[in-house]
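Read through the structure below, which is laid out as structure tokens, and then see the notes.
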Amino acid sequence: MTYLFRLLNLSKHKIQIIPEMPNNQEAIQKVPLDSLNEPFYEGSVQRLYAIPDEPDYMVTETTAGGSVFDVGTIFSIEGSDVARAIFRHVLYTNLSKPETWEEVKDAVKNAVGLDDGIRDLLLEGVIEKLCSVGGVTHHCGMVDAQTGEVSHEGLPENESAYNIVRRYKIEKPDQDSFLKHSFYDYSKFGSLDKNVVPLECIVRFGITSGSSVFRKYLKLSEDEQRKFEQELGANGPLVAWEYLTTPIVDFTSKYEPEDRAVTKQEAHNMSGLDGETFAEMGKLAVLGGWAVRVMVEKMGLKLWDLKWEFAKDGDDLVFVDTIDTDSFRATSVLEDDGDKIVIHYNKQAMRDYYKIFHSDWLASINEAKEEARASGGQFVDLLRGKQESGDAPNDPVVDDVFMSIQVDKMNLIKNCILGKQESSEVSDALAECGKREVDFYTSNGKRDALKELNGLD
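Residue numbers (the working numbering): 26 to 482.
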């Protein structure tokens, strides 16, 4: 059972924890399946449904659709709806358990190459309360696909794409203008409660060649790079495909038309949190990232980055929203015919596919984004208008062979999480998927383009 906790004194020496009433997730034992016909929200990767007579909770349906480059759903991976819902259910259930955080604590203690100062910071304060009572999450259970009964721990007899979560308010910043320029006003967030913090928190254990921060970094002068390293919290130059001695937390806007990178100072101002709570959110993000890292390393994969979202609930910070293979970057390295190539086991594989096979389409997206920044409009609307008039390529269809590889990756990760296959067997099978993926690019004359994106010297 998960308990809310109240942090009264967050210091290096003393933490007092007062358990409160349980979050009543056990109160919902069954959901009428006929209530899941009309979502009150439909996004690119999930739908949300109200539960009759339960205004504080809702059902999330993970879809098989995928979104890249902020353009909405443009592809579908068969079976990924249930697989991703299971990942969320298992992970969030584990985050509520103290034993999960004990495992994280051991992993941080034994992490090779981690800066000792950062290790000490991560092993004090927040981790102590997590190991005592577990983390606070919005997750309450998975709905049985046939009966509607709710499994709060473990899986229902009939797995589904439906999970129950506590409901938090979505408040968006007001848009205003300064002369000819538009901006977003976040001043109201300091007085809000039980709302989602309007930030995406990105945790980076290492730097990948395709990450937004690395692309930005390469464009800077040497002096600007040193300042950028300082802003990120890195201990030295950023090098692609190397783990950092200090994990980085950086932020993007959540409720603006396009994800916008912001400094930590701006992120604090946008969040509506006091300084102590904002700092706690950073620690929670890294430690939660380490919980995912422990999971994927058992499959022979390396976790590079992931994103979190949090809600403010009184004095608590709550892990909320999606966390699955759509929201983290895990890889392996394939040695093939003298080449070392990074293989992705999340939707970065899809991004790379579009970059390599449909670069003209991607260029039209970037053009629409530039126009939207200048006008303050919605770039997706601009893009769709150009597509209708024939001035931009239509959204491309993904090759069936490539898609089948992504389906197999997803199913293997699902089987490992459920214990249906041994970790070592899954690790070998995922490596074979990587070999098939490289062969696909090779047979289509795109191996060099793949190496340019994901090759290692």
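Using N, Cα and C, we set each Cβ at its ideal position, and we do this for glycine too. Bear in mind the structure is a predicted one, so any value in this text is a computation, not a measurement.
Original post:
Would you say Asp364 and Gly480 are within 8 Å of each other, going by their C-beta atoms?
Top reply: What you label residue 364 is simply residue 339 of the sequence shown in a count that begins at 1. What you label residue 480 is simply residue 455 of the sequence shown in a count that begins at 1. Against a cut-off of 8 Å, the Cβ pair of Gly480 and Asp364 comes out as a contact.
**OP:** Alpha carbon to alpha carbon, how far is Gly339 from Tyr378? Give it in angstroms, no decimals.
**Re:** For this step, residue 378 is matched to residue 353 along the sequence shown. For this step, residue 339 is matched to residue 314 along the sequence shown. Cα to Cα, the separation comes out at about 44 Å.
Original post:
Is the number of C-beta pairs between the region 402-416 and the region 448-458 that are closer than 8 Å three or more?
Top reply: no
Original post:
Does the count of Cβ pairs from the region 107-122 and the region 180-200 closer than 8 Å reach three?
Top reply: yes
Subject >> Glu450, DSSP secondary structure in three states >> reply: Residue mapping note: residue 450 aligns to position 425 of the sequence shown, counting from 1. Correct three-state label for Glu450: helix.
Original post:
DSSP on Asn391, reduced to helix/strand/coil?
Top reply: The sequence position of residue 391 within the sequence shown is 366, counting from 1. Helix.
Subject >> Cβ-based burial, Thr288 [other Cβ within 10 Å; buried from 16] >> reply: To locate residue 288, count along the sequence shown from 1; it is residue 263. A residue is called buried when at least 16 other Cβ atoms come within 10 angstroms of its Cβ; Thr288 does not meet this threshold and is exposed.
**OP:** Go ahead and label Asn436 buried or exposed: buried means 16 or more other beta carbons lie within 10 angstroms of its beta carbon, across all protein chains shown.
**Re:** Taking the sequence shown and counting its residues from 1, the one referred to as residue 436 is at position 411. Buried, since its Cβ has 16 or more Cβ neighbours within 10 Å.
Subject >> Own chain partners of Gln412 with C-beta closer than 6 Å, once the 5 adjacent residues on each side are dropped >> reply: Translated into positions along the sequence shown, residue 412 becomes position 387. Excluding residues within five positions, the ones whose Cβ falls inside 6 Å are Asn419.
**OP:** Tell me whether the beta-carbon of Val358 lies closer than 8 Å to the beta-carbon of Val367.
**Re:** Start at 1 with the first residue of the sequence shown, and residue 358 comes out as number 333. Start at 1 with the first residue of the sequence shown, and residue 367 comes out as number 342. Val358 places its beta carbon less than 8 Å from that of Val367.
Original post:
I think Glu182 touches Asp199, with their Cβ atoms under 8 Å apart; what is that distance to the nearest whole Å?
Top reply: Locating residue 182 in the sequence shown gives position 157, where the first residue counts as 1. Locating residue 199 in the sequence shown gives position 174, where the first residue counts as 1. No, Glu182 and Asp199 are not in contact; Cβ-Cβ is about 47 Å, not under 8 Å.
Subject >> Cut-off 6 Å between Cβ atoms - residues of its own chain near Trp126, not counting five sequence neighbours on either side >> reply: Here residue 126 is taken as the residue at index 101 of the sequence shown, counted from 1. Leu155, Cys156.
**OP:** For Glu182, name the three-state secondary structure that DSSP assigns.
**Re:** The residue given as residue 182 occupies position 157 in the sequence shown. Reduced to three states, the DSSP call for Glu182 is coil.
Subject >> Straight-line Cα distance separating Leu478 from Leu342 >> reply: Within the sequence shown, residue 342 is the residue found at index 317, counting from 1. Within the sequence shown, residue 478 is the residue found at index 453, counting from 1. So the alpha carbons of these two residues sit roughly 37 Å apart.
**OP:** Rounded to whole angstroms, what's the CA-CA distance from Ala265 to Glu254? Just pull it up for me.
**Re:** Counted from its first residue, the sequence shown places residue 265 at position 240. Counted from its first residue, the sequence shown places residue 254 at position 229. Approximately 14 Å, taken between the alpha carbons.
Original post:
Distance, Cα to Cα, Ser429 vs Tyr82?
Top reply: Here residue 429 refers to the residue found at position 404 of the sequence shown. Here residue 82 refers to the residue found at position 57 of the sequence shown. Cα to Cα, Ser429 sits roughly 36 Å from Tyr82.
**OP:** Take the Cβ of Lys244 as the centre, count every other Cβ of all protein chains shown within 10 Å, and call the residue buried at 16 or more, exposed below.
**Re:** For the purposes of this step, residue 244 is identified with residue 219 of the sequence shown, where counting begins at 1. So Lys244 ends up on the exposed side.
**OP:** For Ile381, I'd like the list of residues in its chain whose CB is within less than 8 Å of its CB, leaving aside the five on either flank, ordered along the chain.
**Re:** The residue labelled residue 381 in the question sits at position 356 within the sequence shown. The answer, listed in chain order, is Tyr466, Lys471, Ala474, Leu475, Leu478.
Subject >> Short Cβ contact (8 Å threshold) for Ser296 with Leu224 >> reply: Translated into the one-based positions of the sequence shown, residue 296 becomes position 271. Translated into the one-based positions of the sequence shown, residue 224 becomes position 199. Result yes, Cβ atoms of Ser296 and Leu224 sit closer than 8 Å.
**OP:** Note down, in chain order, each residue of its chain lying with its Cβ closer than 7 Å to the Cβ of Arg461, except the 5 sequence neighbours on either side.
**Re:** The residue labelled residue 461 in the question sits at position 436 within the sequence shown. Within its own chain, the residues whose Cβ lies closer than 7 Å to the Cβ of Arg461, once the five positions on either side in sequence are excluded, are Ile430, listed in chain order.
**OP:** Could you check the C-alpha separation between Lys308 and Trp315 for me, to the nearest Å?
**Re:** To locate residue 308, count along the sequence shown from 1; it is residue 283. To locate residue 315, count along the sequence shown from 1; it is residue 290. Going by the C-alpha atoms only, they are around 11 Å apart.
Subject >> Beta bridge counterpart(s) of Thr162 as assigned by DSSP >> reply: The residue given as residue 162 occupies position 137 in the sequence shown. Phe344, per the DSSP bridge assignment.
Original post:
Do you know how far the Cα of Phe276 is from the Cα of Tyr211?
Top reply: Position 186 of the sequence shown, counted from the first residue, corresponds to residue 211. Position 251 of the sequence shown, counted from the first residue, corresponds to residue 276. Cα to Cα, Tyr211 sits roughly 15 Å from Phe276.
Subject >> Gly159 vs Lys122 beta-carbon contact at 8 Å >> reply: Here residue 159 corresponds to residue number 134 of the sequence shown, with the count starting at 1. Here residue 122 corresponds to residue number 97 of the sequence shown, with the count starting at 1. Contact flag set, yes.
Original post:
Excluding sequence positions up to five away, which residues of its chain have a Cβ less than 8 Å from the Cβ of Thr162?
Top reply: To locate residue 162, count along the sequence shown from 1; it is residue 137. Leaving aside the five residues that flank Thr162 on each side, the residues in its chain whose CB is nearer than 8 Å to its CB run, in chain order, Thr27, Tyr117, Leu120, Ser121, Val343, Phe344, Val345.
**OP:** On the DSSP bridge assignment, give the partners of Val175 in chain order.
**Re:** In the sequence shown, residue 175 corresponds to position 150, counting from 1. Beta-bridge pairing links Val175 to Val168.
**OP:** Taking only the alpha-carbon atoms, compute the straight-line gap between Pro47 and Glu174 and give it to the nearest angstrom.
**Re:** Walking along the sequence shown from the start, residue 47 turns up at place 22. Walking along the sequence shown from the start, residue 174 turns up at place 149. Confidence at Pro47 is low in this model, with a pLDDT of 39, below 50, so the placement of that residue should be treated as unreliable; the coordinate-derived value is given next. Pro47 and Glu174: Cα-Cα distance of roughly 20 Å.
Subject >> Run of the alpha helix (DSSP H) containing Glu86, from where it starts to where it stops >> reply: Mapped onto the sequence shown, residue 86 falls at position 61. Glu86 -> not in any alpha helix (DSSP H); beta strand (DSSP E) instead, spanning 79-87.
Original post:
Thinking C-beta only, is Ser448 closer than 8 Å to Cys458?
Top reply: Stepping through the sequence shown from its first residue, residue 458 is reached at position 433. Stepping through the sequence shown from its first residue, residue 448 is reached at position 423. The answer is no: Cβ separation not under 8 Å.
**OP:** Mind the definition here: the region 386-398 touches the region 68-85 only if three or more C-beta pairs lie below 8 Å; say whether that holds.
**Re:** No, the region 386-398 does not touch the region 68-85.
**OP:** Could you check how far apart the C-beta atoms of Val432 and Gly104 are, in whole angstroms? I think they sit under 8 Å.
**Re:** Numbered from its first residue, the sequence shown carries residue 432 at position 407. Numbered from its first residue, the sequence shown carries residue 104 at position 79. Contact between Val432 and Gly104 holds, with the beta-carbon distance rounding to 6 Å and staying under 8 Å.
Original post:
By how many angstroms is the C-alpha of Gly401 removed from the C-alpha of Asp201?
Top reply: To locate residue 201, count along the sequence shown from 1; it is residue 176. To locate residue 401, count along the sequence shown from 1; it is residue 376. Between Asp201 and Gly401, the C-alpha separation is close to 10 Å.
Original post:
Straight-line CA distance for Ala132 to Ile438?
Top reply: If you number the sequence shown from 1, residue 132 lands on position 107. If you number the sequence shown from 1, residue 438 lands on position 413. One C-alpha to the other measures close to 21 Å.
**OP:** Kindly indicate which three-state DSSP category Arg72 falls into: helix, strand or coil?
**Re:** Mapped onto the sequence shown, residue 72 falls at position 47. DSSP places Arg72 in strand when its eight states are reduced to three.
Subject >> Per-residue DSSP class, three states only, for Trp333 >> reply: Position 308 of the sequence shown, counted from the start, is the residue given in the question as residue 333. DSSP places Trp333 in strand when its eight states are reduced to three.
**OP:** Kindly indicate which three-state DSSP category Ala136 falls into: helix, strand or coil?
**Re:** In the sequence shown, residue 136 corresponds to position 111, counting from 1. In the structure shown, Ala136 sits in coil (DSSP, three-state: anything other than H, G, I, E or B).
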